[in-house]
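Participant: If you want this note's numbering, it's the 1-based position in the sequence shown plus 127.
Note that CB positions come from ideal geometry on N, CA and C, so glycine has one too.
Bear in mind the structure is a predicted one, so any value in this text is a computation, not a measurement.
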Amino acid sequence: MSLDRWMEEEEKEFVSSTLLYNLYDKAKQYTKSFQKILNEEKNLIEEIYWNARDDVKKVKMWKFSEKIVAIDSSFEPIPMSLSIGKIAPIVIAYIIYPTNIKPEISVILSIPEELEEVSDISFMAKINELIVMKNVLEKIDVKDNIYAIIRDGEFPLNEIFFKPYYAKEREELMKILGKTYNLAKNKGIGLAGIVKRISTRHIAYKYLSKEEFKKICRKKYTLLNDYILADIILERGEYLLLGDYHDIIRYFELINPKNKTNLKKVKENIDEILPEVWSTNIVLYKPYSNMETPVKLLSYRLNIEKILEICISSTPDYPPYPDFMNIVDKVSMEYSRELKINDLFWLMLRKAFQEEEISILEIAGKTKNILKFSNIQKLELINRRLTRFIK
Numbered sequence: 128m129s130l131d132r133w134m135e136e137e138e139k140e141f142v143s144s145t146l147l148y149n150l151y152d153k154a155k156q157y158t159k160s161f162q163k164i165l166n167e168e169k170n171l172i173e174e175i176y177w178n179a180r181d182d183v184k185k186v187k188m189w190k191f192s193e194k195i196v197a198i199d200s201s202f203e204p205i206p207m208s209l210s211i212g213k214i215a216p217i218v219i220a221y222i223i224y225p226t227n228i229k230p231e232i233s234v235i236l237s238i239p240e241e242l243e244e245v246s247d248i249s250f251m252a253k254i255n256e257l258i259v260m261k262n263v264l265e266k267i268d269v270k271d272n273i274y275a276i277i278r279d280g281e282f283p284l285n286e287i288f289f290k291p292y293y294a295k296e297r298e299e300l301m302k303i304l305g306k307t308y309n310l311a312k313n314k315g316i317g318l319a320g321i322v323k324r325i326s327t328r329h330i331a332y333k334y335l336s337k338e339e340f341k342k343i344c345r346k347k348y349t350l351l352n353d354y355i356l357a358d359i360i361l362e363r364g365e366y367l368l369l370g371d372y373h374d375i376i377r378y379f380e381l382i383n384p385k386n387k388t389n390l391k392k393v394k395e396n397i398d399e400i401l402p403e404v405w406s407t408n409i410v411l412y413k414p415y416s417n418m419e420t421p422v423k424l425l426s427y428r429l430n431i432e433k434i435l436e437i438c439i440s441s442t443p444d445y446p447p448y449p450d451f452m453n454i455v456d457k458v459s460m461e462y463s464r465e466l467k468i469n470d471l472f473w474l475m476l477r478k479a480f481q482e483e484e485i486s487i488l489e490i491a492g493k494t495k496n497i498l499k500f501s502n503i504q505k506l507e508l509i510n511r512r513l514t515r516f517i518k
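1) From what residue to what residue does the beta strand (DSSP E) around L356 run?
2) What number of angstroms, rounded off, separates the C-alpha of V183 from the C-alpha of K342?
3) Should S426 be labelled buried (16 or more other beta-carbon atoms within 10 Å of its own) or exposed?
4) Taking the alpha helix (DSSP H) that T307 falls in, what are its first and last residues?
5) So, G320 versus I277, is the Cβ gap smaller than 8 Å?
6) Assuming I248 contacts F191 (C-beta within less than 8 Å), just tell me the rounded distance between them.
7) What's the gap between the Cα of Y127 and the Cα of R345?
8) Should D353 go down as buried or exposed, given a rule of 16 or more other Cβ atoms within 10 Å for buried?
9) DSSP three-state call for T158: helix, strand or coil?
10) What residues are listed by DSSP as bridge partners for T494?
11) Can the beta-carbon of L356 be found less than 8 Å from the beta-carbon of V410?
12) Is it a yes or a no for the stretch 318 to 334 touching the stretch 257 to 276, going by three-plus beta-carbon pairs under 8 Å?
13) Looking only at its own chain, which residues have a Cβ that is under 7 Å from the Cβ of L165, when we skip the five neighbours before and after it?
14) Assuming contact is defined by CB atoms lying nearer than 8 Å, are I195 and Y274 in contact in what I supplied?
15) Taking the alpha-carbon of N546 as reference, which of I228, Y151, D271 and L284 has the nearest alpha-carbon?
16) Tell me the DSSP bridge mates of L425?
17) Are the CB atoms of Y221 and I235 within a distance shorter than 8 Å?
18) Assuming K213 is part of the beta strand (DSSP E), what are its boundary residues?
19) Is the number of C-beta pairs between the stretch 411 to 425 and the stretch 357 to 366 that are closer than 8 Å three or more?
20) Output the distance between the C-alpha atoms of Y332 and K495, rounded to the nearest integer angstrom.
21) Kindly indicate which residue of I330, Q162 and N227 has the alpha-carbon position closest to the one of R180.
22) Which same chain residues, not among the five before or five after C438, have their C-beta less than 6 Å away from its C-beta?
23) Among H373, E403 and G212, which one has its Cα closest to the Cα of K302?
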């Protein structure tokens, strides 16, 4: 069927044919590239499949009595661009599951650098999630029956393995992690991270020769990533233990060759300050959900079978992730995206500036409002949103 026949006549009125055909042309180009990748990698995928299936295990379902603390954060990807500079509010939430206690919500501010806006905000959000994790550990009592604290994303953060852009920030990260590990050990509580958007290539690293893996590392696009391979290898209720970080330390060197000269120093630094990192287990599992989506679990001081049983037993059909992660994700997302935390913060900022009488600057007989958006269209959009919100 031709593209013209595929589209309804009324749809053509709303979509520019030039744009549509341009997108279709790009899609065909990408399809050809994908076909080439598939032809090159199909045999390797089959080789990995048969080797990995020997290590796959089944997870049992059971009712658990322990509680889980789940932590997540959210923010709008583009910071507020005010006349006085850029700023980004970040919402951080945590819940205790299962319980009737209301989620705890906090807001922190990130002032991103000009060239690394989104990555700066994301890194700040991660660090503050770890601070919340540490603070929760400080408050926990044995009678609370907490089995593990789990963040949405990697634990520990991958940034500790790569040459940092900012040495000061990495040093701060290591200090927070050190305190968190010590508290967890002293209180007998496990730590973990659940990764939904899986982009690593740990399976290929484990089951391919180093020469074959090096070739994969040079590719921008590959089918030999953990998400696709785990989806092929695992059936519902199964998991694949890839080992711990000590087993795959060279992965970080191969996947990011620019850091080759730095890896030895990074390893020595972790050996000296955070040896606990090496005890982090790397697991890929697939819940019994109809969607059959693979999930990555990074765990410290946790029985693999037990934490997987907890995760899988609490996973609904949709979303195919543990309920405690779904709830905390929804809480943080609703505050940051649905309520538009940037817009609400700007409203509060304007109110605070006015109360302190510093919103107006008088210079050389001129009066200027210093709390303005550098993009005036943004202000108009905010006013419309806030009007609807107040109604």
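Facilitator: Checking against the coordinates, here is how it stands:
1) Note, L356: premise wrong, no beta strand (DSSP E); alpha helix (DSSP H) at D353 to I360.
2) 26 Å
3) buried
4) For T307, the enclosing alpha helix (DSSP H) begins and ends at A294 to K314.
5) Yes, Cβ-Cβ distance for G320 and I277 is below 8 Å.
6) Rounded, the Cβ-Cβ distance is 35 Å, inconsistent with contact.
7) Absent from the model: residue 127. The displayed extent of the chain is 128 to 518, so no value can be given.
8) buried
9) Three-state result, T158: helix.
10) E489
11) no
12) yes
13) L350
14) yes
15) Beyond the ends of the chain as shown, which are 128 and 518, falls residue 546; an answer cannot be given.
16) G320 and I409
17) no
18) G212 to Y224
19) yes
20) 59 Å
21) I330
22) Same-chain partners within the cutoff: P449.
23) E403
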